[in-house]
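Read top to bottom, the protein sequences are chains A and B.
Read in order, the letters of the first sequence correspond to residues 1 to 221 in UniProt numbering.
Read in order, the letters of the second sequence correspond to residues 1 to 284 in UniProt numbering.
Heads up, the beta-carbon is just placed ideally off N, CA and C, and yes, glycines get one too.
Since we're looking at a predicted model, the values are computed, not measured.
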Amino acid sequence: MFDFLEGYDVLGAFWMTVKLTALSAVGSLIWGTLLAAMRVSPVPLMRGFGTAYVNIVRNIPLTVIILFCSLGLADVFGVTMGSEDFKIQGFRLAVLGLVAYTAAFVCEALRSGMNTVPLGQAEAARAIGLSFTQTLWLVVLPQAFRSVIGPLANVLIALTKNTTVAAAIGVAEAAYLMKTMIENEAQTLLIGAVFAFGFVVLTLPTGLILGWLSKRLAVKR
Amino acid sequence: MKLRKVTAASAAVLALALAATACGGDSDDDAGSGSTGGTGGGGKIKVGIKYDQPGLGLKKPDGSFAGFDVDVATYVAKQLGYEPDQIEFVETKSADRENALARGDVKFIAATYSINDERKQKVDFAGPYLLAHQDLLVKSDSDISKGTDLNGEKLCSVTGSTSAQNVQKSIAPKANLKEYSSYSECIAALQNGTVAAVTTDDSILAGFAAQDQYKGKFKLAGLKLSNENYGIGVKKGDATTVDKINKALEQMVSDGSWDKAVAANFGPANYKNEQAPKIGVIVK
């Protein structure tokens with residue numbers, strides 16, 4: 001029944017999905033944390049930038065962002081991301097697009113986590129002479145992160161599935177191979193089921209593990 | 001405990017999903033082998049075409065349809081006893097063609113549907129009605145003249161398409177291949193110089209190059225990199241419809257409508273069409 005899988009590198013395609021997810025997750029965690037810091041910072045210009053960025057980027061469809069990275073940044077403005085090879089270039093552009101998009105959601109999740117930290121803690125931190133950066137880094141963020149592991153897991157699962165959009169600019173991940181296989185084999189339903197199963201295998205453990213972690217690490221108040 | 005419940009539930013859901021798809025596949029085959037398939041009913045005929053391929057099947061902003069596939073479909077429908085106003089064109093994307101036929105959503109499909117062995121197991125084909133070749137569209141001052149010239153060149157095609165696979169496997173494995181989800185994006189990349197060539201069937205490329213905004217900018221390289229026999233897809237087992245369509249196609253060629261349709265749709269791109277193919281003759 002599954003003989004149509006022969007000759008296709010299904011595992012390789014899912015490995016590409018994992019690589020896209022992992023790199024974008026790390027990138028968006030860093031950029032999202034910076035954005036969240038900007039949104040609560042005392043400098044109005046930074047607050048404005050953070051708010052504008054989040055509200056604009058999260059309201060643009062991901063397909064548009066990724067296509068813009070390739071059609072706009074690479075083709076028109078000549079941003080090559082350090083490689084002339086379209087395969088590598090496409091991968092890096094896709095990571096760029098995914099980070100830009102996902103960071104907006106990470107930022108908002110994190111900001112909601114900061115709101116769970118009692119205001120008195122920030123005031124106490126300031127009272128003993130900590131700067132804004134120190135308050136954020138030593139007092140607020142550690143507690144905020146522990147309370148938003150659950151929401152961040154949702155963002156990560158969404159990101160895993162969103163990587164399929166990268167097929168639109170020719171990154172050879174799972175959805176790309178699915179297109180190729182459907183073109184060649186005329187077996188839409190079975191091929192669809194195989195790839196749906198693959199994504200469940202990727203995302204279900206993520207949800208279970210992070211769900212367990214969020215219960216263990218949550219700050220009890 | 002909770003963990004185990006969740007895994008058990010999800011396993012059940014998965015098993016159900018797999019079972020459902022398997023059943024779907026089986027019953028499709030059963031239905032396909034016996035019956036002759038339902039028409040749209042109410043004196044209408046539903047025909048599958050593509051909406052996004054200028055020159056072949058294109059839905060225009062005013063809602064009308066144009067292209068070679070559309071002309072062929074209209075002619076064939078007329079021979080089956082349907083006037084143009086009784087035809088309802090339905091979009092059938094590449095991935096959906098076999099299912100649309102099996103479900104009986106459309107009576108037949110004329111949508112750059114290349115006849116090949118895998119597809120023949122799922123659907124029956126009338127025709128072929130056009131022999132196309134994989135080719136390159138280049139800027140009008142380009143000097144690419146053979147397939148191996150592509151090694152090291154920048155090239156664009158559509159994700160997962162047969163043409164893209166051909167390039168990577170046999171024609172020019174060292175070509176730097178950019179893939180987009182539709183040909184319009186490739187044409188844009190060709191226009192602004194990001195890629196040196198776009199590759200797919202010459203008929204599709206000619207259709208793009210014949211559009212008003214691109215007239216005179218691009219030319220076909222004229223390489224015959226593959227043979228694509230466009231057939232008309234019909235539900236598996238529906239031999240009477242296949243016969244009727246084959247007769248209609250023969251008549252279309254003999255009364256000159258075929259040549260007229262080719263000239264009207266592929267004209268301005270230096271497209272050298274093949275002679276009308278003989279019914280049932282597949283050029284490998």
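### Query
Contact check, Glu173/A vs Ala13/A under 8 Å by CB: the rounded distance?
In the first sequence, counting from the first residue as 1, residue 173/A sits at position 173. In the first sequence, counting from the first residue as 1, residue 13/A sits at position 13. Contact flag correct, Cβ pair sits at about 6 Å.
### Message
Just checking: is the beta-carbon of Ser161/B within a distance shorter than 8 Å of some beta-carbon in chain A?
### Response
Translated into the one-based positions of the second sequence, residue 161/B becomes position 161. At least one chain A Cβ lies under 8 Å of Ser161/B.
### Task
For Gly32/B, count neighbouring Cβ atoms within 10 angstroms of its own Cβ and tell me buried if that reaches 16, exposed if not.
Within the second sequence, residue 32/B is the residue found at index 32, counting from 1. At Gly32/B, the pLDDT of 35 sits below 50, so the modelled position is not reliable; the number obtained from the coordinates is stated separately. The residue in question, Gly32/B, is buried, as its Cβ has 16 or more Cβ neighbours within 10 Å.
### Task
Could you pull out every residue in the same chain whose Cβ sits closer than 8 Å to the Cβ of residue 240/A, ignoring the five residues on either side in sequence?
Residue 240/A is absent from the structure shown; chain A starts at 1 and stops at 221.
### Query
Would you say Met38/A touches the ligand SAM, meaning its beta carbon is less than 7 Å from a heavy atom?
Summarising the ligand content, the structure contains no ligands, and the ligand SAM is consequently not present.
### Message
Using a Cβ-Cβ cutoff of less than 6 Å, which residues in the same chain neighbour Thr160/A once the five nearest sequence positions on both sides are dropped?
### Response
Within the first sequence, residue 160/A is the residue found at index 160, counting from 1. Cβ neighbours of Thr160/A beyond the five flanking positions: Thr21, Leu202 and Thr203.
#### Entry: Cross-strand partners of Val47/B (DSSP beta bridge)
Taking the second sequence and counting its residues from 1, one reaches residue 47/B at position 47. Paired residue(s): Phe89/B and Phe108/B.
### Query
Using Cβ-Cβ distances below 7 Å, what residues of the segment 174 to 190 of chain A are close to chain B?
Tyr176, Lys179, Thr180, Ile182, Glu183, Asn184, Glu185, Ala186, Thr188, Leu189 and Leu190
### Residue ranges of each alpha helix (DSSP H) within the segment 17 to 45 of chain A, 4 or longer
none
### Message
Quick check on Thr128/B: buried or exposed, where buried means 16 or more other Cβ atoms within 10 Å of its Cβ?
### Response
Numbered from its first residue, the second sequence carries residue 128/B at position 128. Before going on, a small fix: residue 128/B reads as Pro here, not Thr. Pro128/B is buried by the Cβ-count criterion.
### Message
Considering only DSSP beta bridges, list what Glu219/B is partnered with.
### Response
Counting from 1 along the second sequence, the entry for residue 219/B is found at position 219. Sequence check: residue 219/B is Lys here, not Glu. Partner(s): Val138/B.
### Message
Tell me which residue opens and which closes the alpha helix (DSSP H) that Val155/A is part of.
### Response
Reading the first sequence from its first residue, position 155 is the one you call residue 155/A. That run of the alpha helix (DSSP H) goes Ile149 to Asn162.
### Query
Less than 8 Å separating the beta-carbons of Gln69/B and Ile49/B?
If you number the second sequence from 1, residue 69/B lands on position 69. If you number the second sequence from 1, residue 49/B lands on position 49. Residue 69/B is actually Asp in this sequence, not Gln. Yes.
### Task
For chain A, find out if any of its Cβ atoms is closer than 8 Å to the Cβ of Asp26/B; answer yes or no.
As a position in the second sequence, residue 26/B is number 26, starting the count at 1. Note that Asp26/B has pLDDT 38, beneath the 50 cutoff, so the model's placement of it is unreliable and no number is given.
#### Entry: Helix, strand or coil at Tyr214/B according to DSSP, with G and I counted as helix
Your numbering for residue 214/B matches position 214 in the second sequence. Tyr214/B falls in the helix class under three-state DSSP.
### Query
Applying the criterion that 16 or more other CB atoms from any shown protein chain within 10 Å of the CB defines a buried residue, is Gly41/B buried or exposed?
Here residue 41/B refers to the residue found at position 41 of the second sequence. Confidence at Gly41/B is low in this model, with a pLDDT of 47, below 50, so its placement is unreliable and no value can be given for it.
### Task
Return the CA-CA distance between Gly193/B and Ser41/A, expressed in angstroms with no decimal places.
One-based indexing of the second sequence puts residue 193/B at position 193. One-based indexing of the first sequence puts residue 41/A at position 41. Spanning the two alpha carbons is a distance of roughly 44 Å.
### Task
Provide the residue span of the alpha helix (DSSP H) that contains Asp71/B, from first to last.
Locating residue 71/B in the second sequence gives position 71, counting from the first residue. Where Asp71/B is concerned, the enclosing alpha helix (DSSP H) stretches over Phe68 to Gln79.
### Query
Quick one: does Thr199/B have its CB under 8 Å from some CB of chain A?
Numbered from 1 along the second sequence, position 199 holds the residue referred to as residue 199/B. For Thr199/B, the answer is no, since every Cβ of chain A falls outside 8 Å of its Cβ.
### Message
Going by DSSP in three states, Gln275/B sits in which element: helix, strand or coil?
### Response
Locating residue 275/B in the second sequence gives position 275, counting from the first residue. Coil, per DSSP.
### Task
Label Lys215/B either buried or exposed according to how many other C-beta atoms from any shown protein chain fall within 10 Å of its C-beta, with 16 as the threshold for buried.
Counting from 1 along the second sequence, the entry for residue 215/B is found at position 215. It is exposed - the Cβ of Lys215/B has fewer than 16 other Cβ atoms within 10 Å.
### Query
Ile282/B and Ile109/B look like a contact to me (Cβ under 8 Å); what is the Cβ gap, rounded to whole Å?
Indexing the second sequence from 1 puts residue 282/B at position 282. Indexing the second sequence from 1 puts residue 109/B at position 109. The pair is not a contact, with the Cβ atoms about 17 Å apart (cut-off 8 Å).
#### Entry: At least 3 beta-carbon pairs within less than 8 Å: the segment 164 to 178 of chain A vs the segment 33 to 52 of chain A
no
### Query
Along chain A, which residues have their Cβ under 8 Å away from the Cβ of Lys83/B?
Along the second sequence, one-based indexing puts residue 83/B at 83. In the sequence as displayed, the identity of residue 83/B is Glu instead of Lys. The premise fails here: Glu83/B is roughly 32 Å from chain A at the closest Cβ pair, so nothing lies under 8 Å.
### Message
Quick check on Ile282/B: does DSSP put it in helix, strand or coil?
### Response
Taking the second sequence and counting its residues from 1, the one referred to as residue 282/B is at position 282. Note: Ile282/B maps to coil in three-state DSSP.
#### Entry: Under 9 Å from the C-beta of Tyr180/B: neighbouring residues of chain A
Taking the first residue of the second sequence as position 1, residue 180/B is located at position 180. Neighbours of Tyr180/B on chain A, chain order: Leu67, Ser70, Leu71, Ala168, Ile169 and Gly170.
### Task
Please work out which residues of its chain come closer than 8 Å, Cβ to Cβ, to Met181/A, disregarding the five sequence neighbours upstream and downstream, and give them in chain order.
For the purposes of this step, residue 181/A is taken as the residue at position 181 of the first sequence. So the list reads Phe4, Tyr8, Gln187 and Ile191, once near-sequence residues are dropped.
### Query
Which of the three DSSP states, helix, strand or coil, is assigned to Glu83/B?
The residue you call residue 83/B lines up with position 83 of the second sequence. Coil.
### Query
Are any of the Cβ atoms in chain B nearer than 8 Å to that of Val76/A?
One-based indexing of the first sequence puts residue 76/A at position 76. By this cut-off, Val76/A is an interface position.
### Query
What in chain A is Cβ-close to Arg103/B, meaning under 7 Å?
For the purposes of this step, residue 103/B is taken as the residue at position 103 of the second sequence. In chain order: nothing, as chain A lies at least about 11 Å away.
#### Entry: Own chain partners of Val90/B with C-beta closer than 6 Å, once the 5 adjacent residues on each side are dropped
Translated into the one-based positions of the second sequence, residue 90/B becomes position 90. So the list reads Lys46, Gly48 and Val106, once near-sequence residues are dropped.
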